[in-house]
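Right under this line is the structure:
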């Protein structure tokens with residue numbers, strides 16, 4: 005019945021979101037519309053996962069949705085080999101931090117940050 009799925013985040017500053025997900029987290033941009041100028045929607049891939057970013061204006065105009073970015077209703081989880089190194093790099097780049105790297109007690113090491121719209125981003129690696 006269904007073929008594929010993606011998580012779409014609404015953003016008030018799509019260019020900041022692009023820099024965060026593409027340039028800082030290493031997602032690969034696979035689609036944007038419009039193709040020229042400032043996009044209204046962009047899609048990224050990371051290891052088989054698709055993430056979309058759409059502007060709040062486009063959501064309102066195209067779908068009648070009053071999108072409100074940054075509500076802590078979810079966290080995007082991104083796996084990395086070294087949480088401490090990744091956290092230090094992201095914090096040095098000015099990414100807002102929520103929780104420093106810590107052992108979560110389940111064999112993982114986690115840290116929490118926020119994307120440019122305030123959405124929670126959790127970075128995780130295996131301990132040891």
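Residue numbers (this note's numbering): 5 to 132. Each residue gets a CB set at the ideal place from its N, CA and C atoms; glycine is no exception.
Within 10 angstroms of the beta-carbon of residue 35 lie fewer than 16 other beta-carbons, which makes it exposed. Residue ranges of uninterrupted beta strand (DSSP E) with 3 or more members, entirely inside the stretch 29–91 and ordered along the chain, are 32–37, 45–50, 53–59 and 79–83. Relative to the Cα of residue 54, the nearest Cα in the group 128, 26, 129 and 17 belongs to 26.
Ranked by how close their Cα comes to the Cα of residue 83, the residues 23, 68, 30 and 12 have 30 in first place. Under the 8 Å Cβ criterion, the stretch 43–51 does not count as touching the stretch 87–98, having fewer than three qualifying pairs. Straight-line spacing of the CA atoms in residue 106 and residue 64 works out to 39 Å.
Around the C-beta of residue 61, fewer than 16 other C-beta atoms lie within 10 Å, and the residue is accordingly described as exposed.
Annotation for residue 115: the continuous beta strand (DSSP E) segment containing it runs 112–118.
In the structure shown, the three-state DSSP call for residue 10 is coil.
For residue 120 against residue 21, the beta-carbon gap comes to about 6 Å, under 8 Å, which counts as contact.
Sequence-distant Cβ neighbours of residue 32 in its own chain, meaning closer than 8 Å and more than five residues away, are 26, 48, 49 and 50. About 12 Å separates the beta carbons of residue 117 and residue 128, which is beyond the 8 Å limit, so they are not a contact pair.
Residue 127 has 82 and 115 as its beta-bridge partners, per DSSP.
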